[in-house]
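Participant:
Residue numbers (our numbering), protein chains in the order written: chain A, 24 to 132; chain B, 2 to 114.
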């Protein structure tokens, strides 16, 4: 079965400290990886996708095929980063995204 | 564009009652997805449509759940009869093509007493 694992349901980080949200996916070919974010009182929205290789709001994510991981990183956390984060993979030939339990990130002032 | 529209935003009902959730996708989007979000299970895909045709309903929990898309601008998710364990936030999302970004609605928070 196609699965994604975000081992931390809750993560608290002090403002200014580095942030890493872990994401591991089950191997099944070469999926496309995404990070979606849901800020308080806002809609779930795309943060970044691995094929774009871009940094959004200071966040980057590197696809590691050997470890089947796509961890999200930011060197210095900001209070506005507090949100719910999901990393759904999309597998080739499949139109759907496989979301999981997500990680709720809280930045401590 | 108002984006994906869902109604109602909040629904409180009693066990055994029928519940109907509504979604209007973004105009021109061919794909429509229904998700359920709970603390325990996270965000789960229930069903999705392509050009109004259901493609994958393997996530629908049981026969009490049904979804329709009578036209390109409207979809419903119905629960009959509702149970307390159906309490969750239900999201609708759409995207224009298979490999594009999904755009989510604001969600409907359902509480079944």
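Beta carbons are placed, not taken as given, at the ideal position from N, Cα and C, and that holds for glycine.
#1: Thinking just about the alpha-carbon of each residue, which of A:100, A:116, A:37, A:94 is nearest to the one in residue 59 of chain A?
#2: In three-state terms, what does DSSP make of residue 57 of chain B?
#3: Let's test the definition: count the other Cβ atoms within 10 Å of the Cβ of residue 43 of chain B and tell me whether it reaches 16, buried, or not, exposed.
#4: Nearest-angstrom Cα distance between residue 57 of chain B and residue 48 of chain B?
#5: What ranges does the alpha helix (DSSP H) occupy inside the segment 8 to 60 of chain B, keeping only unbroken runs of at least 4 residues that lie completely in it?
#6: Please state whether DSSP places residue 76 of chain B in a helix, a strand or coil.
#7: Assuming residue 37 of chain B and residue 104 of chain B form a contact by the criterion Cβ under 8 Å, report the distance between their Cβ atoms to the nearest whole angstrom.
#8: Identify every residue that forms a DSSP beta bridge with residue 126 of chain A.
#9: Expressed to the nearest angstrom, what Euclidean distance is found between the alpha-carbon atoms of residue 101 of chain B and residue 94 of chain B?
#10: Figure out for me which residue from A:26, A:28, A:114, A:66 has the closest Cα to the Cα of residue 3 of chain B.
#11: Report the option in B:75, B:96, B:30 whose CA atom is closest to the CA atom of residue 21 of chain B.
#12: Run the CB neighbour count on residue 1 of chain B, radius 10 Å, all protein chains shown included, and call it buried at 16 or more, exposed below.
#13: Using a Cβ-Cβ distance under 8 Å, would residue 99 of chain B count as near chain A?
#14: Is it the case that the segment 9 to 24 of chain B contacts the segment 69 to 88 of chain B, given that we only count it when at least three CB pairs across the two stretches are under 8 Å?
#15: Alpha carbon to alpha carbon, how far is residue 48 of chain A from residue 123 of chain A?
#16: Helix or strand or just coil, what does DSSP make of residue 43 of chain A?
#17: Among all the DSSP beta bridges, which residues are the ones paired with residue 68 of chain A?
#18: Residues of the segment 13 to 37 of chain B in Cβ contact with chain A at a cutoff of 9 Å, in chain order, please.
#19: Which stretch, first to last residue, makes up the beta strand (DSSP E) that contains residue 120 of chain A?
#20: Hey, does residue 48 of chain A have any beta-carbon neighbour from chain B nearer than 8 Å?
Facilitator: Well, looking at it:
#1: Here residue 59 of chain A is taken as the residue at index 36 of the first chain, counted from 1. Nearest option by C-alpha distance: A:94.
#2: As a working mapping, residue 57 of chain B is identified with position 56 in the second chain. Correct three-state label for residue 57 of chain B: strand.
#3: For the purposes of this step, residue 43 of chain B is taken as residue 42 along the second chain, with counting starting at 1. Counting Cβ neighbours within 10 Å, residue 43 of chain B comes out buried, since at least 16 surround it.
#4: For this step, residue 57 of chain B is matched to residue 56 along the second chain. For this step, residue 48 of chain B is matched to residue 47 along the second chain. So the alpha carbons of these two residues sit roughly 6 Å apart.
#5: Runs of the alpha helix (DSSP H) lying entirely within the segment 8 to 60 of chain B and spanning at least 4 residues: none are present.
#6: If you number the second chain from 1, residue 76 of chain B lands on position 75. Secondary structure of residue 76 of chain B (DSSP, three-state): strand.
#7: As a position in the second chain, residue 37 of chain B is number 36, starting the count at 1. As a position in the second chain, residue 104 of chain B is number 103, starting the count at 1. With a Cβ gap of about 18 Å, residue 37 of chain B and residue 104 of chain B do not count as contacting.
#8: Taking the first residue of the first chain as 1, we reach residue 126 of chain A at position 103. According to DSSP, which records beta bridges pairwise, residue 126 of chain A is partnered with A:108.
#9: Taking the first residue of the second chain as position 1, residue 101 of chain B is located at position 100. Taking the first residue of the second chain as position 1, residue 94 of chain B is located at position 93. For residue 101 of chain B and residue 94 of chain B, the gap between their C-alpha atoms comes out near 12 Å.
#10: Here residue 3 of chain B is taken as the residue at index 2 of the second chain, counted from 1. The residue with the shortest Cα to Cα distance from residue 3 of chain B is A:66.
#11: Reading the second chain from its first residue, position 20 is the one you call residue 21 of chain B. Ranking B:75, B:96, B:30 by Cα distance to residue 21 of chain B puts B:75 first.
#12: A query on residue 1 of chain B cannot be resolved here, the shown segment of chain B reaching from 2 to 114 and no further.
#13: Numbered from 1 along the second chain, position 98 holds the residue referred to as residue 99 of chain B. Closer than 8 Å: yes.
#14: Contact holds: three or more Cβ-Cβ distances are below 8 Å.
#15: Working through the first chain from its first residue, we reach residue 48 of chain A at position 25. Working through the first chain from its first residue, we reach residue 123 of chain A at position 100. Approximately 10 Å, taken between the alpha carbons.
#16: Indexing the first chain from 1 puts residue 43 of chain A at position 20. Three-state result, residue 43 of chain A: strand.
#17: The residue given as residue 68 of chain A occupies position 45 in the first chain. The partner list for residue 68 of chain A (beta bridge, DSSP) reads A:60.
#18: Those residues of the segment 13 to 37 of chain B placed with their C-beta closer than 9 Å to a C-beta in chain A are 32, 34, 36, ordered along the chain.
#19: As a position in the first chain, residue 120 of chain A is number 97, starting the count at 1. In the DSSP annotation of this structure, residue 120 of chain A is not part of any beta strand (DSSP E), being labelled neither H nor E.
#20: As a working mapping, residue 48 of chain A is identified with position 25 in the first chain. For residue 48 of chain A, the answer is no, since every Cβ of chain B falls outside 8 Å of its Cβ.
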